[in-house]
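Chemist:
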Amino acid sequence: MNDEISKQIISTVKNFVKQDVHPVVKNLEENDIYPEDLANKMAELGLFGINISQKYGGLGLSYKNLAEIFTELSRGWMSLAGILGTHTLACYMIENYGTEFQRQQYLPKLSTGEIRAGLGLTESHSGSDVQGIKTFAKKESEGYQINGSKMFITNGSKGNLFILVAKTNLEINPKYKGISCFLLEDSDQGFSVGKKLDKLGYRGVDTCELILEDCEIPLNRLLGGEEGAGFRQVMDGLETGRINVAARSVGVAKEAFNLSVEYSKQRETFGKKIQEHQMIQSIIATMATKIEAADLLVKKAANLKDQGLRVDLESGMAKLYSSEVCQEICMDAMRIHGGYGYTKDLPIERFYRDAPLMIIGEGTNEIMKLLIAKRVYENHY
Numbered sequence: 003m004n005d006e007i008s009k010q011i012i013s014t015v016k017n018f019v020k021q022d023v024h025p026v027v028k029n030l031e032e033n034d035i036y037p038e039d040l041a042n043k044m045a046e047l048g049l050f051g052i053n054i055s056q057k058y059g060g061l062g063l064s065y066k067n068l069a070e071i072f073t074e075l076s077r078g079w080m081s082l083a084g085i086l087g088t089h090t091l092a093c094y095m096i097e098n099y100g101t102e103f104q105r106q107q108y109l110p111k112l113s114t115g116e117i118r119a120g121l122g123l124t125e126s127h128s129g130s131d132v133q134g135i136k137t138f139a140k141k142e143s144e145g146y147q148i149n150g151s152k153m154f155i156t157n158g159s160k161g162n163l164f165i166l167v168a169k170t171n172l173e174i175n176p177k178y179k180g181i182s183c184f185l186l187e188d189s190d191q192g193f194s195v196g197k198k199l200d201k202l203g204y205r206g207v208d209t210c211e212l213i214l215e216d217c218e219i220p221l222n223r224l225l226g227g228e229e230g231a232g233f234r235q236v237m238d239g240l241e242t243g244r245i246n247v248a249a250r251s252v253g254v255a256k257e258a259f260n261l262s263v264e265y266s267k268q269r270e271t272f273g274k275k276i277q278e279h280q281m282i283q284s285i286i287a288t289m290a291t292k293i294e295a296a297d298l299l300v301k302k303a304a305n306l307k308d309q310g311l312r313v314d315l316e317s318g319m320a321k322l323y324s325s326e327v328c329q330e331i332c333m334d335a336m337r338i339h340g341g342y343g344y345t346k347d348l349p350i351e352r353f354y355r356d357a358p359l360m361i362i363g364e365g366t367n368e369i370m371k372l373l374i375a376k377r378v379y380e381n382h383y
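Start counting at 1 in the sequence shown, then tack on 2, and there's your number in my numbering.
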């Protein structure tokens, strides 16, 4: 897709945020209401197919474009980028690792939003320890019988399709060789959605427990038709997910910063606008520099991914730095807004509640540091 069309799509997303998201986000977020109309509008705009190749009905955008879209959506409401983010991660895994039958079966409907996807990875006891998952898929003559549960799953009650990560071999060492990915449909016998989690932020999005009790999945829904490849498949998928989370962090930070600059031009103390106080200028300067650095890290990771390169180091750095910066920027924004920033009259407190998710999601920042250090020592970076 050429640059001009890509720019038009980004412009359309900005208009969507301004015209459709801003007027309703306060009510939806405060009451934890799933944004059905906004999700349907995103489907109409083709956003559910942004990273699916045109041959399967998608837009086939670059990762650089994806990052821009996630950033702009997050400036309006980070939850919308979350709905789209886990969907695009699943789409990436299907297109890159699925069989041709699986691609043709799912990608056209995923691109229109008729099917909406999620990733069934995290479990209540294992967190970022993917090799520690306990969900087990027992192979039978006509398919797999799966038992286990997943926790903190975005699109849990609204998704129609999930990339389900499960053990298929409990004896093999190293353990990651016994992990496989499956395509789980919401209509599969033995599958159910458990409790919906009540969260500090990231509201409006359904974050749920998934339960599998003797869940039957046919053989042709083993991702790529290959047992034991799941760890590699999901780790690659998480590279794209970390670019997504980093871009969301930049979006929230940019909007908190923008509102802070505007507020500093209007608010007066001690007989002058607070933008004239050197302390405020110092905070604004630091905020601007941090956001610029975070944005550049995201762009670098996305550009390298567009070149088909491994980006676990770059996406890890982008996710680590951007999410920490986002938390800091939101706190600084609250300082600048003072008491008004602490009230629900302004979105600053929402940004402050949303920011911690990016520190935790898609691998905690502590895990990111371990990953980065490992790659540094491997490369003598």
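For each residue, glycine too, the CB sits at the ideal point set by N, CA and C. In this text the structure is predicted, and so the values were computed from the model without any measurement.
Counting only the same chain and skipping the five closest in sequence on each side, list residues whose C-beta sits under 6 Å from that of Arg205.
Modeler: One-based indexing of the sequence shown puts residue 205 at position 203. The residues are Glu31 and Asp34.
Chemist: How many Å lie between Leu68 and Val195 at the Cα?
Modeler: The residue given as residue 68 occupies position 66 in the sequence shown. The residue given as residue 195 occupies position 193 in the sequence shown. The alpha-carbon atoms of Leu68 and Val195 are separated by roughly 29 Å.
Chemist: For Met384, which residues from the same chain have a beta carbon less than 7 Å from its beta carbon, with the 5 sequence-adjacent residues on both sides left out?
Modeler: Past the edges of the chain, shown from 3 to 383, lies residue 384, and the structure says nothing about it.
Chemist: How is the alpha helix (DSSP H) around Ile11 delimited, first residue to last?
Modeler: In the sequence shown, counting from the first residue as 1, residue 11 sits at position 9. It spans Asp5 to Phe18 - the alpha helix (DSSP H) in which Ile11 sits, taken as one unbroken run.
Chemist: If we ignore side chains and look at the alpha-carbon of each, how far apart do Tyr58 and Ser182 end up?
Modeler: Taking the first residue of the sequence shown as position 1, residue 58 is located at position 56. Taking the first residue of the sequence shown as position 1, residue 182 is located at position 180. In a straight line, the C-alpha of Tyr58 is about 25 Å away from that of Ser182.
Chemist: What residues in its chain sit with their C-beta under 7 Å from that of Lys66, if we drop five residues either side in the sequence?
Modeler: Position 64 of the sequence shown holds residue 66. Within the same chain, Lys66 has close Cβ partners Lys301, Ala304, Asn305 and Asp308.
Chemist: Count the CB pairs spanning the stretch 126-145 and the stretch 206-219 that are closer than 8 Å, and state whether there are at least three.
Modeler: Short answer: they touch.
Chemist: Quick check on Ser251: does DSSP put it in helix, strand or coil?
Modeler: Translated into the one-based positions of the sequence shown, residue 251 becomes position 249. In this structure, Ser251 counts as helix in the three-state DSSP scheme.
Chemist: Please work out which residues of its chain come closer than 6 Å, Cβ to Cβ, to Gly87, disregarding the five sequence neighbours upstream and downstream, and give them in chain order.
Modeler: As a first step, residue 87 is located in the sequence shown; it is residue number 85 there, counting from the start. Answer for Gly87: Asn246, listed in chain order.
Chemist: Does the distance from the CB of Val254 to the CB of Ala296 come in under 8 Å?
Modeler: Numbered from its first residue, the sequence shown carries residue 254 at position 252. Numbered from its first residue, the sequence shown carries residue 296 at position 294. No.
Chemist: So which of Arg244, Leu315 and Tyr265 has the shortest CA-CA distance to Lys321?
Modeler: Your numbering for residue 321 matches position 319 in the sequence shown. Per the Cα distances, Arg244.
Chemist: For Glu257, which residues of its own chain have a beta-carbon under 6 Å away from its beta-carbon, when the five flanking residues on both sides are left out?
Modeler: Against the sequence shown, residue 257 aligns to sequence position 255. Here the set comprises Arg77.
Chemist: Report back the beta-carbon spacing between Gly230 and Glu215 to the nearest angstrom; my notes put them in contact at under 8 Å.
Modeler: Your numbering for residue 230 matches position 228 in the sequence shown. Your numbering for residue 215 matches position 213 in the sequence shown. About 24 Å separates the two Cβ atoms, so there is no contact after all.
Chemist: Using the rule of at least 16 other Cβ atoms within 10 Å of the residue's Cβ for burial, across every protein chain shown, is Tyr265 buried or exposed?
Modeler: Residue numbering aside, residue 265 sits at position 263 when the sequence shown is read from its first letter. Label assigned to Tyr265: buried.
Chemist: Tell me whether the beta-carbon of Pro18 lies closer than 8 Å to the beta-carbon of Ser113.
Modeler: Here residue 18 refers to the residue found at position 16 when the sequence shown is read from its first residue. Here residue 113 refers to the residue found at position 111 when the sequence shown is read from its first residue. Correcting the residue type first, residue 18 is Phe in the shown sequence and not Pro. Against a cut-off of 8 Å, the Cβ pair of Ser113 and Phe18 comes out as no contact.
Chemist: Lys201 to Phe353, Cα distance in whole Å?
Modeler: Working through the sequence shown from its first residue, we reach residue 201 at position 199. Working through the sequence shown from its first residue, we reach residue 353 at position 351. About 14 Å.
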